[in-house]
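Okay, so here's the structure we're looking at.
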Amino acid sequence: MSKKYIIFKDDDVGNDTQSLKKWIDIIQEKNVKSAIGLIGRCMKDRELVDYLNSLDTDKIEIFCHGYYHKQLPYIIRKMKKSKELPKTEFNKDFVRHNRSLKKYRLAESKYLKTKAITFGPQGNIWNDNVIDAVIQNDFKLMFSWRKIKAEIFTIPLTENLKQSSFEEFLKDYKKNKNDEIFTLQFHHEKLTDKQFELMIEVIDFFKNKEKRTFIKPSELLELVHK
Ligand SMILES: [Zn+2]
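According to the working numbering, the sequence shown is numbered sequentially starting from 243.
Laid out in structure tokens, this is it:
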């Protein structure tokens, strides 16, 4: 790999379809590519499923963002600093994660036209138990802040779009400017109007100024196997 790449990662698909559509509209208007993380239980939402199945798979790739993604027990535990974890997929034990991913695969085969090859951990939190379940359920890539096992390809997470101005964004980007793969993470439901504007500015910057190629996870996998 000698070119420089950019991956746009958007989490929590299913929580706020209106904002998701706004986010995807920008991706489509700007003619770039992205990876969107679907929460499995949201596949019961017919409108969302129809919308996801209507998207151009050359541009937009769905990845698995767990089945339940119920963060509340996890947050409570953190607040109380108790050692005992409530029984959710945040428990990070193999059995629960495996069950969650199996449920995801089942819903996916029932409702979606495509099969995800990438997993993006809920809250970007994982341990070896999670990885074992991810591999067992036939995922090939995973988003992570740090290197994973050899059996699965790590897509490095670089930055979160939390900035409110382009100058701020540029300041943060400079730290990782030389990275071959730069992954920018979004949460569409949390974006302000100003940040949607910033998103457009950032796309233009990566396309025209930085000359980075927008890429989907599956294309990244093809590149590393070449
Ligand atoms: Zn999430």
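Backbone N, C-alpha and C fix where the C-beta goes; we use that ideal spot for every residue, glycine too.
Within 8 Å, strictly: CB atoms of residue i and residue j
i: PHE447; j: LYS251; result: no
i: GLN378; j: ASN420; result: no
i: LEU354; j: VAL274; result: no
i: PHE395; j: VAL337; result: no
i: LEU440; j: LYS382; result: no
i: ILE278; j: ILE249; result: no
i: ILE266; j: LEU297; result: yes
i: ILE302; j: SER276; result: yes
Residues sharing a beta bridge with residue i, DSSP
i: ASN210; result: No information on residue 210 is available, as it lies outside the stretch 243 to 468 that the chain covers here.
i: CYS306; result: LEU280, PHE361
i: PHE447; result: None; PHE447 has no bridge partner.
i: TYR247; result: ILE423, THR455
i: ILE373; result: DSSP lists no partner for ILE373.
i: THR259; result: DSSP, once it has assigned bridges, lists no residue as partnering THR259.
i: ILE268; result: In DSSP, ILE268 forms no bridge with anything.
i: PHE395; result: LEU383
i: ASP252; result: ILE278, PHE428
Close beta carbons around residue i, own chain, < 6 Å, minus the five adjacent residues each side
i: THR455; result: LYS245, TYR247
i: LYS286; result: none
i: ASN257; result: GLU431
i: CYS306; result: TYR346, ALA358, PHE361
i: GLU393; result: ILE377
Any non-hydrogen atom of ligand 1 within 7 Å of residue i CB
i: HIS430; result: no
i: ASP254; result: yes
i: GLY282; result: no
i: GLN427; result: no
i: GLN405; result: no
i: HIS339; result: no
i: GLN364; result: yes
i: HIS311; result: yes
i: HIS467; result: no
Which of helix, strand or coil DSSP assigns to residue i
i: PHE408; result: helix
i: ILE390; result: coil
i: PHE385; result: strand
i: ASP335; result: coil
i: ASP292; result: helix
i: ASP287; result: coil
i: LEU297; result: coil
i: ILE367; result: coil
i: LEU354; result: coil
i: HIS311; result: coil
i: LYS468; result: coil
i: ASN340; result: helix
i: ASN273; result: coil
Contacting residues, own chain, Cβ-Cβ under 8 Å from residue i (five flanking each side not counted)
i: VAL444; result: LEU403, PHE408, PHE411, LEU426
i: ASP414; result: GLU401, GLN405
i: THR259; result: ASP287, GLU289, LEU290, TYR293
i: LYS449; result: LYS272, VAL274, PHE456
i: MET366; result: Met is not the amino acid found at residue 366; the sequence shown has Asn there. These residues qualify, in order along the chain: PHE385, SER386, TRP387, LEU399.
Cut-off 7 Å between Cβ atoms - residues of its own chain near residue i, not counting five sequence neighbours on either side
i: SER261; result: HIS430, GLU431, LEU433
i: LYS345; result: GLY282, TYR309
i: VAL372; result: LYS334, HIS339, PRO363
i: HIS311; result: ILE281, GLN364
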